[in-house]
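Presented below is the structure to which this report refers.
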Amino acid sequence: FFLPALARRRQKWSVDPRNSAWSKDESKFGQKMLEKMGWSKGKGLGAQEQGNTEHIKVQVKNNTLGLGATINYEDNWIAHQDDFNQLLAELNDCHGQGETESSANNPKKTFSLEEKSKSSKKRVHYMKFAKGKDLSSRSEDDLSCIFGKRHKSVKTQ
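Residue 460 in my numbering is what sits at position 48 of the sequence shown, and the numbering runs on without skipping anything.
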């Protein structure tokens, strides 16, 4: 059993695709009612005439965000982690377990897993494996993305 494809119909534009004839028509029922109540063209609706005087502009929503969601969502997934880290820091300060100055001043010496793998007699690690596990060659931005740290501190109250 075979169903033929339906023929495509050519879309025809009307003479007035923006419907400007309707918007310029002053004999509409709603407009007449508003004018009887004191409204005139150029005024907004409301007690203090504070409403919009222009037409509503339609925007296309072509993303998967919810209605009213903002684009700035890249750091939202770690906001709870920042709050938890702040809580732990406050608890450490309260109980006297804060960082000591000597440990904070001494920078940690980093070693390259890739170099260690190359220099060993038994090459246990394959090259891609060693490069993938080596974080010493990563930038600060890469490390902050890996470990879930914010680029900038944003406080929302």
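Positions of the beta carbon are idealized from the N, C-alpha and C atoms, including for glycine.
DSSP three-state assignment for residue i, whether helix, strand or coil
i	result
L555	helix
E527	helix
K424	coil
G560	coil
L547	coil
L418	coil
Distance, residue j Cα to residue i Cα
i	j	result
K448	A491	54 Å
S439	V427	20 Å
F559	K473	32 Å
E461	I483	33 Å
K545	G508	35 Å
N431	M445	21 Å
T476	N497	30 Å
G456	G480	24 Å
R422	P429	16 Å
L500	S524	31 Å
R550	F541	15 Å
D505	G458	55 Å
G478	Q471	14 Å
E502	K543	37 Å
G450	R420	50 Å
K453	I468	16 Å
K436	G442	13 Å
D554	P416	55 Å
D495	E552	21 Å
Q493	L547	22 Å
E466	W434	15 Å
(request) Mind listing, in chain order, the continuous beta strand (DSSP E) runs of no fewer than 3 residues lying wholly within the region 428-500? (result) none
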